[in-house]
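S.K.:
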Amino acid sequence: MIDQSLRLERIAEEAADPACAVLLLDVVLGYGAHPGPANQLAPAIAAARDSAQRGGRDLAVVVSLVGSRSDPQGRDATAEQLAAAGASVHLSNAAAARTAVDLIEGGGR
Numbered sequence: 572m573i574d575q576s577l578r579l580e581r582i583a584e585e586a587a588d589p590a591c592a593v594l595l596l597d598v599v600l601g602y603g604a605h606p607g608p609a610n611q612l613a614p615a616i617a618a619a620r621d622s623a624q625r626g627g628r629d630l631a632v633v634v635s636l637v638g639s640r641s642d643p644q645g646r647d648a649t650a651e652q653l654a655a656a657g658a659s660v661h662l663s664n665a666a667a668a669r670t671a672v673d674l675i676e677g678g679g680r
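Residue numbering for the sequence shown follows my numbering, beginning at 572 and increasing consecutively.
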């Protein structure tokens with residue numbers, strides 16, 4: 572939750588995989604979590620989506636954002652930053668999972 576280097580590497584790896592159509596990410600806010608996860612994730616999400624698009628495909632990114640408005644990272648600002656990068660942001664893991672499944676079953680966006 573603090574060091575995102577492996578996650579960032581995996582996002583890029585999955586973006587390069589033509590079999591990958593949807594990335595489902597959990598982002599956890601609060602004390603003990605990364606102080607600004609969207610600062611690293613948003614550019615990685617945008618780059619992944621751009622990479623997939625250059626490869627002739629769409630890559631959906633669905634985020635389960637776990638936290639409260641009072642978390643130090645700022646839940647609403649984090650959600651806005653991730654959405655601006657092209658992610659579909661949900662405040663529950665169940666909603667995010669349903670969205671990811673719908674995207675897969677529907678064949679994309």
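We put the beta carbon where it would ideally sit given N, CA and C, even for glycine.
1) Cβ of S622 within 9 Å of Cβ of L630?
2) Can you check DSSP and say which residues form a bridge with D597?
3) Are L636 and A650 closer than 9 Å when you measure CB to CB?
4) Could you tell me which uninterrupted beta strand (DSSP E) segments, each at least 3 residues in length, are contained entirely in the segment 613-657, listed from first to last along the chain?
5) From A587 to R620, what does the alpha carbon distance come to, in whole angstroms?
6) Going by CA-CA distance only, name the one from P608, V593 and L594 that's closest to L600.
7) Going by C-alpha distance, which of A667, E676 and R646 is nearest P606?
8) Would V634 and D673 qualify as a contact pair, given that the criterion is a beta-carbon distance under 9 Å?
9) L577 lies in the alpha helix (DSSP H); which residues open and close that run?
10) With a cut-off of 8 Å on the beta carbons, I'd call I582 and L594 a contact; round off their distance for me.
M.R.: Looking at the atomic coordinates:
1) Remark: C-beta atoms of S622 and L630 approach each other more closely than 9 Å.
2) According to DSSP, which records beta bridges pairwise, D597 is partnered with S635.
3) Against a cut-off of 9 Å, the Cβ pair of A650 and L636 comes out as a contact.
4) With a minimum length of 3 residues, the continuous beta strand (DSSP E) runs that stay inside the segment 613-657 are 631-637.
5) Their backbone Cα atoms lie some 10 Å apart in a straight line.
6) Residue P608 is the option with its Cα nearest to L600.
7) For P606, the nearest C-alpha among the options comes from R646.
8) No, these two residues do not count as a Cβ contact at 9 Å.
9) It spans S576 to A586 - the alpha helix (DSSP H) in which L577 sits, taken as one unbroken run.
10) Indeed they touch by this definition, with Cβ atoms about 7 Å apart.
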